[in-house]
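Chains as they are written, first to last, in our numbering: chain A, 5 to 147; chain B, 5 to 147.
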């Protein structure tokens with residue numbers, strides 16, 4: 005785990021305008037192979053969470069749906085859709101920033117690892133304060 | 005619920021070659037607005053389950069990420085990724101054919117309705133024998 009990748013995700017998320025600021029960075033062999041921000045509102049696509057878009061782009065780049073050995077850094081705990089996509093894409097490690105008590109699927113609301121019998125390595129709370137603040141500020145701004 | 009839409013999904017799934025034959029049909033106001041087959045292997049995209057592709061195409065067609073009032077017909081019980089995507093896309097009703105005891109997320113392996121506190125209407129077992137047979141034949145063929 006390298007903090008610089010979560011820092012990179014945080015920087016990406018800050019560019020978000022219409023959408024909740026969430027970003028993801030996919031790393032393979034200590035190099036970024038894809039990155040994405042949440043664009044559900046902007047693109048009017050229900051599935052356009054940052055994690056899903058990062059997976060699509062990594063699959064395209066590697067020409068392979070299997071992302072064994074890849075590490076995903078994401079500013080917010082993945083929802084059930086994303087957690088299941090991450091596991092099905094064979095990603096090896098996930099590092100997330102803020103915990104999501106309402107939708108988080110790596111322990112907070114449900115445990116997708118357990119549901120899908122996965123041994124993926126997951127660690128939350130990376131740069132947690134910064135990640136939490138970014139989302140909190142967004143919701144205070146739009147209120 | 006109309007059997008003709010599941011029949012349509014079955015016909016679509018039969019065209020599948022490299023991939024497990026699963027298809028989905030999205031219906032709004034008694035008209036098909038999108039349809040898709042599973043293309044994970046063909047396109048080398050981990051998220052290319054039939055349901056996800058049907059949602060992407062419906063969102064694009066309606067220029068709206070919310071699919072309230074839409075009904076999804078799918079030949080196999082959705083996995084956690086797809087079940088969560090279906091709920092987040094605000095689809096009103098889901099009809100599936102075969103039950104998936106290993107990955108099914110509308111009751112078989114887990115209950116995404118309960119996990120996500122959703123009141124989406126779900127009914128499984130529509131043309132169950134035909135849907136089950138299609139997948140069974142595929143796995144017997146590739147063995």
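Yeah, the Cβ is synthetic: ideal placement off N, Cα and C, and Gly gets one too.
Computed from a prediction, not measured in an experiment: that's the story for all the values here.
Endpoints, beta strand (DSSP E) assigned at residue i
i: residue 131/A; result: No beta strand (DSSP E) contains residue 131/A, which DSSP labels as neither H nor E.
i: residue 9/B; result: Run containing residue 9/B: none in the beta strand (DSSP E); it sits in the alpha helix (DSSP H), 7-18.
i: residue 35/B; result: 35-41
i: residue 75/B; result: 75-80
According to DSSP, residues forming a beta bridge with residue i
i: residue 104/B; result: Partner(s): none; residue 104/B has no beta bridge.
i: residue 99/A; result: 77/A and 127/A
i: residue 32/A; result: 35/A
i: residue 110/B; result: 115/B
i: residue 27/B; result: 41/B
CA-to-CA distance, residue j to residue i, given in whole angstroms
i: residue 104/A; j: residue 135/A; result: 11 Å
i: residue 125/A; j: residue 98/A; result: 6 Å
i: residue 145/A; j: residue 41/A; result: 19 Å
i: residue 92/A; j: residue 116/A; result: 11 Å
i: residue 43/B; j: residue 30/B; result: 17 Å
i: residue 86/B; j: residue 8/A; result: 32 Å
i: residue 10/A; j: residue 128/A; result: 11 Å
i: residue 137/A; j: residue 143/A; result: 10 Å
i: residue 121/B; j: residue 84/A; result: 12 Å
i: residue 133/A; j: residue 102/A; result: 7 Å
i: residue 114/B; j: residue 82/B; result: 11 Å
i: residue 59/B; j: residue 141/A; result: 30 Å
i: residue 47/A; j: residue 106/A; result: 24 Å
i: residue 78/B; j: residue 53/A; result: 23 Å
i: residue 100/A; j: residue 18/B; result: 40 Å
i: residue 5/B; j: residue 35/B; result: 12 Å
i: residue 147/B; j: residue 57/A; result: 33 Å
Under 9 Å between C-beta atoms of residue i and residue j
i: residue 37/A; j: residue 13/A; result: no
i: residue 139/B; j: residue 25/B; result: yes
i: residue 95/B; j: residue 76/B; result: yes
i: residue 108/B; j: residue 80/B; result: yes
i: residue 119/A; j: residue 89/B; result: no
i: residue 39/A; j: residue 71/A; result: no
i: residue 73/A; j: residue 33/A; result: yes
i: residue 55/B; j: residue 69/A; result: no
i: residue 22/B; j: residue 64/A; result: no
i: residue 28/B; j: residue 20/B; result: no
Host alpha helix (DSSP H) of residue i (start-end)
i: residue 92/B; result: 84-92
i: residue 116/A; result: 116-119
i: residue 65/B; result: 54-66
i: residue 21/B; result: No alpha helix (DSSP H) contains residue 21/B, which DSSP labels as neither H nor E.
i: residue 44/A; result: 44-47
The ligand SAM heavy atom lying under 8 Å from the CB of residue i
i: residue 138/A; result: Looking for the ligand SAM in the displayed structure turns up nothing, as the structure carries no ligands at all.
Any C-beta of chain E under 9 Å from that of residue i
i: residue 93/A; result: In the structure shown, chain E cannot be found, because the protein chains are A and B.
ask   = Between the segment 39-56 of chain B and chain A, which residues of the former have a C-beta closer than 7 Å to a C-beta of the latter?
value = 44, 48, 49, 50, 51 and 56
ask   = Which residues, in chain order, does the segment 109-139 of chain B contribute to contact with chain A at a C-beta distance below 9 Å?
value = Listed in sequence order: 109, 113, 114, 116, 119 and 120.
ask   = Quick one, which residues of the segment 72-89 of chain A are near chain B if we go by CB-CB under 7 Å, in chain order?
value = 83, 84, 85, 88 and 89
query = What residues in the segment 21-33 of chain A bring their beta carbon closer than 8 Å to a beta carbon of chain B?
reply = none
query = When you check each C-beta in the segment 56-70 of chain A against every C-beta of chain B, which residues fall closer than 7 Å?
reply = Residues of the segment 56-70 of chain A whose Cβ lies closer than 7 Å to any Cβ of chain B, in chain order: 56, 59, 60, 63, 67, 68 and 69.
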